[in-house]
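J.: My structure is below; once you've seen it, I'll send some questions.
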Amino acid sequence: MRRGSVACPFCPRRFCRTRPAAAQYLRHVRSHGIGRDSEPEEAAATNSEAGRAAAVEQVASRNESAMKPCADGGRAVTNSAQGLQKPFQCDTCQKKFSRRSYLNAHISVVHRKAKPHKCKRCGKSFSAKHDLHVHSRSHTGERPFECKVCGKRFSDSSSLTTHSRQHTGEKPFECKVCGKRFSDSSSLTTHSRLHTGEKSFECKVCGKRFSVSSSLTTHSRLHTGEKPFECKVCGKRFSVSSSLTTHSRQHTGEKPFECKVCGKRFSVSSHLTRHSRLHTGEKPFECKVCGKRFSVSSSLTTHSRQHTGEKPFECKVCGKRFSDSSNLTTHSRLHTGEKPFECKVCGKRFSDSSHLTGHLRQHTGEKPFECKVCSKRFSVSSHLTRHSRLHTGEKPFECKVCGKRFSDSSHLTRHSRLHTRKAI
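Position 273, counted from 1, in the sequence shown is what the working numbering calls 937; the numbers after and before it change by one each time, with no gaps.
So, in structure tokens, the structure goes:
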């Protein structure tokens, strides 16, 4: 064993005995997670919680007397720990440490079940005061850590470190099963559960299980109705911080995600991912009933309701039900008369953004949707879908009265009125 280095109790990785490396060491130890089987090099009993605690605190103690830079190929010059200040005190057991990172490691191993520090605004509890302080920034909006490359700001230093890897391309965390690499340890932990199938976080209300605790927290707000994240501009509230971030870009006009193929920019990364599939033709989501494939999971969910007949979204005015929320939103504007989407060319307004998009192509002459059979082109995708049924003979719309089928929903609507008039 090198005299100037110390080994992780859970893996072969070694660290230099310096002040910066000591903090890095303890962060690394915590990344393994508590309760995971291990083969430590420096602790005889680290497969027990007491052993793990001893290993972490032994290293903290060692490193408190090893604060000078490494010299001579990795050897450490050791200072006496006598008289070393220890200003960071554990609130649970009053043990003191010279660095906050040592205190955090101590708390995560020794007192991981004790969470005495509770947020006054949302009730979330933490084992350390510092963690509560960092969490409180999610309510205040404070972001003291700034990226030197792009200027983006963060509420905690670890988020800045993880973000910085987007610029450097660094992905230090590797999956042992498939080799996929990640820029942060939590993403690797979440990914690993795809291989194990582990879903250890259960909703106490409905029993639904999750592989990530944050997913359970977000899900729980469906039951409580809690929306702790508020837009400072318009006051709209959100149950998830990422939704607030995305919403805020409506006010700022920021679109940080750019398509490498056509240069189109997006305010949300998932929209870029979805858009990219227009170029690649990828449709990874398949219907188990009819085999139809989709480029977006939400489109598959909506499509599946054609088979089940499920229409979970109800209009509060007229009681009409819909299979997806966007159709309900668009329908509601029939009652309110709202037309929020305006054509910049002629001033015409629309109740739905897709109608505006289709309308704009009348001005540009663009017809991006081409029939694979006869090469006829269309300005709106739904027109291509309807046209394609002339070739396939598909008639998905059935009259509930007489069983007659139609290739277009408008034809069914017109036909249904014949039955209505007869009934009168």
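Just so you know, even glycine gets a beta-carbon here, dropped at the ideal spot from N, CA and C.
(1) When burial is assigned at 16 or more other CB atoms within 10 Å of the CB, is L1054 buried or exposed?
(2) For the beta strand (DSSP E) holding R678, just list the boundary residues, first then last.
(3) Quick one: measure Cβ to Cβ for H995 and C979, integer angstroms, because I've assumed they're closer than 8 Å.
(4) Helix or strand or just coil, what does DSSP make of R763?
(5) Would you grab the beta carbon distance between S762 and Q749 for me? Rounded to a whole angstrom, and I think it's under 8 Å.
(6) Mind checking H1083: buried by the 16 CB within 10 Å criterion, or exposed?
(7) With a CB to CB cut of under 8 Å and the five nearest residues on each side skipped, what residues in its chain are close to Q1026?
(8) If you measure between the beta carbons of T854 and V876, is that distance less than 9 Å?
(9) Take T804 as the anchor and find which of S791, A792, C814 and F818 has the nearest alpha-carbon.
(10) With a threshold of 16 other CB atoms inside 10 Å of the CB of E1002, please say whether the residue is buried or exposed.
(11) If K947 sits next to R957, beta carbons under 8 Å apart, how far is it from one beta carbon to the other, in whole angstroms?
(12) Tell me which residue opens and which closes the alpha helix (DSSP H) that Q914 is part of.
(13) Would you mind working out which of E918, S940, L880 and C1066 sits nearest K924, comparing C-alpha positions?
(14) Is the beta carbon of C811 sitting closer than 9 Å to the one on S800?
(15) How far does the alpha helix (DSSP H) with G983 in it extend, from its first residue to its last?
(16) Should H770 go down as buried or exposed, given a rule of 16 or more other Cβ atoms within 10 Å for buried?
(17) Cα-Cα, which of P976, S906 and K928 is closest to H943?
(18) Going straight from the alpha carbon of N743 to that of C680, what length do you get?
(19) Taking C-alpha atoms, which residue in E862, E922 and L908 lies nearest to C898?
(20) What span of residues does the alpha helix (DSSP H) with D795 cover, start to end?
(21) Threshold first: 4 residues or longer. Then list the alpha helix (DSSP H) segments lying entirely within the segment 1033-1071, N to C.
(22) Which partner residues does Q753 have in the DSSP bridge list?
(23) By Cβ distance below 7 Å, which residues in the same chain neighbour E838 in space, the five residues on each side in sequence not counted?
(24) Assuming F1005 and L1024 are in contact, meaning their beta carbons sit under 8 Å apart, how far apart are those beta carbons, in whole angstroms?
(25) Along the chain, where does the alpha helix (DSSP H) that runs through G843 open and close?
(26) When the distance is taken between beta carbons, is V953 closer than 9 Å to H971?
(27) Put R807 into one of helix, strand or coil per three-state DSSP.
(28) Keeping to the same chain, check which residues put their C-beta closer than 8 Å to that of G787; ignore five residues upstream and five downstream.
(29) With a CB to CB cut of under 7 Å and the five nearest residues on each side skipped, what residues in its chain are close to H883?
(30) Quick one: is L852 buried, meaning 16 or more other Cβ sit within 10 Å of its Cβ, or exposed?
(31) How close, in whole Å, do the beta carbons of S987 and T966 come, if the pair is a contact with beta carbons under 8 Å?
(32) Buried or exposed for L858, please, with buried defined as at least 16 other CB atoms from any protein chain shown within 10 angstroms of its CB.
(33) Between R901, T1028, H999 and R997, which has its C-alpha nearest K1008's C-alpha?
(34) Quick one: using the 10 Å Cβ neighbour count with 16 as the cut-off for buried, is S1074 buried or exposed?
(35) If I follow the unbroken alpha helix (DSSP H) through S823, where does it start and stop?
(36) Checking 9 Å against the spacing of the C-beta atoms, do S989 and F977 come in under that value?
T.: Checking against the coordinates, here is how it stands:
(1) exposed
(2) R678 to C680
(3) 6 Å
(4) coil
(5) 6 Å
(6) exposed
(7) S1043
(8) yes
(9) F818
(10) exposed
(11) 4 Å
(12) S905 to T916
(13) S940
(14) no
(15) Unbroken run through G983: none, as it is neither H nor E.
(16) buried
(17) K928
(18) Any reading at N743 must be qualified, since the residue scores a pLDDT of 39, below 50, and its modelled position is unreliable; the value itself is stated next. If I take the Cα positions, the gap works out to 15 Å.
(19) L908
(20) K793 to T804
(21) 1045-1056
(22) K760
(23) R845
(24) Actually they do not touch by this definition, with Cβ atoms about 10 Å apart.
(25) Looking at the DSSP string, G843 is not in any alpha helix (DSSP H), and its letter there is neither H nor E.
(26) yes
(27) coil
(28) none
(29) C867, K872 and F874
(30) buried
(31) 6 Å
(32) exposed
(33) T1028
(34) exposed
(35) S821 to T832
(36) yes
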